[in-house]
Amino acid sequence: QQNVQQSPESLIVPEGARTSLNCTFSDSASQYFWWYRQHSGKAPKALMSIFSNGEKEEGRFTIHLNKASLHFSLHIRDSQPSDSALYLCAVSKLASSGSWQLIFGSGTQLTVMP
Amino acid sequence: DTTVKQNPRYKLARVGKPVNLICSQTMNHDTMYWYQKKPNQAPKLLLFYYDKILNREADTFEKFQSSRPNNSFCSLYIGSAGLEYSAMYLCASSGDWGASYEQYFGPGTRLTVL
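Chains as they are written, first to last, in the numbering used here: chain A, 1 to 114; chain B, 115 to 228.
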């Protein structure tokens with residue numbers, strides 16, 4: 001049974017700070033790892049994904065994956081008030097039906113103070 | 115256009131009454147999902163359609179029904195709402211059901227059962 005845990009539950013940082021969000025998972029056979037972002041009242045939207053160990057950078061956002069330690073993270077450089085949102089990590093799981101499903105964590109609520 | 119629409123955005127229902135939620139997408143995606151999200155909890159997959167084939171999670175099998183009359187529309191039906199059904203219901207679609215395919219979400223329907 002795949003279990004996905006996020007930390008911290010909430011985070012308040014000043015504008016310009018580097019922010020780190022963490023996600024752990026329990027199934028070492030997991031293949032794809034996602035970060036989704038949901039602004040208040042809006043739809044969750046995929047931010048980044050990673051498949052292999054290492055890191056991937058897109059603009060101010062970097063995702064790290066370490067499959068051996070069952071951990072991946074999202075780092076935000078130069079955090080902006082517009083980054084304030086609920087961040088959901090998710091792991092792709094192969095279900096018994098033969099289809100891939102996303103297992104989500106419960107989210108980190110990020111607030112960036114101007 | 116990567117829009118997933120959900121109607122209504124807010125729904126008030128009485129205990130024991132039926133509830134029908136609607137989702138639509140114009141991306142010609144093969145797969146459509148329904149999730150339930152409660153405060154401070156992870157989005158929980160209820161069911162999904164791959165083309166015309168419905169897959170329901172084992173623990174929600176008898177609680178939720180769904181139909182997909184065409185590729186663009188998908189409904190979620192609760193036959194007799196209970197207080198525990200109060201939650202945000204998120205619809206999503208993806209171009210396929212593979213691990214690497216991004217899921218595109220709608221803004222959700224907030225259901226309150228009284």
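Where a beta carbon is used, it is the ideal one built from N, C-alpha and C, also for glycine. Remember, predicted model here, so these are calculated numbers, not experimental data.
Boundaries of the beta strand (DSSP E) harbouring phenylalanine 162 of chain B: 158-164, taken from the DSSP string. The DSSP-derived three-state label of proline 114 of chain A is coil. For valine 13 of chain A, the enclosing beta strand (DSSP E) starts and ends at 10-14.
At a cut-off of 8 Å between beta-carbon atoms, leucine 86 of chain A makes no contact with chain B.
Not a single C-beta of chain A is nearer than 8 Å to the C-beta of serine 180 of chain B.
Looking at A:Asn53, A:Leu74, A:Glu57, the one whose alpha-carbon comes closest to that of alanine 68 of chain A is A:Asn53. Taken in chain order, the members of the segment 152-169 of chain B whose beta-carbon sits within less than 7 Å of a beta-carbon on chain A are Asn154, Gln155, Ala156, Pro157, Leu159, Tyr164, Asn169. Per the C-alpha coordinates, the member of B:Leu159, B:Gln155, B:Leu190 positioned closest to cysteine 137 of chain B is B:Leu190.
Sixteen is the threshold: since fewer than 16 other Cβ atoms of the shown chains lie within 10 Å of the Cβ of asparagine 184 of chain B, the residue is exposed. Serine 180 of chain B carries a strand assignment under DSSP once its states are collapsed to helix, strand and coil.
Contact of proline 14 of chain A with chain B by beta-carbon distance below 7 Å is absent, the smallest such distance being about 25 Å. One Cα belongs to histidine 64 of chain A, the other to lysine 166 of chain B, and the distance between them is close to 37 Å. Think of a sphere of 9 Å around the beta carbon of serine 214 of chain B: the chain A residues whose beta carbon falls inside it are Gln31, Tyr32, Ser49, Phe51, Ser92, Trp100, in chain order.
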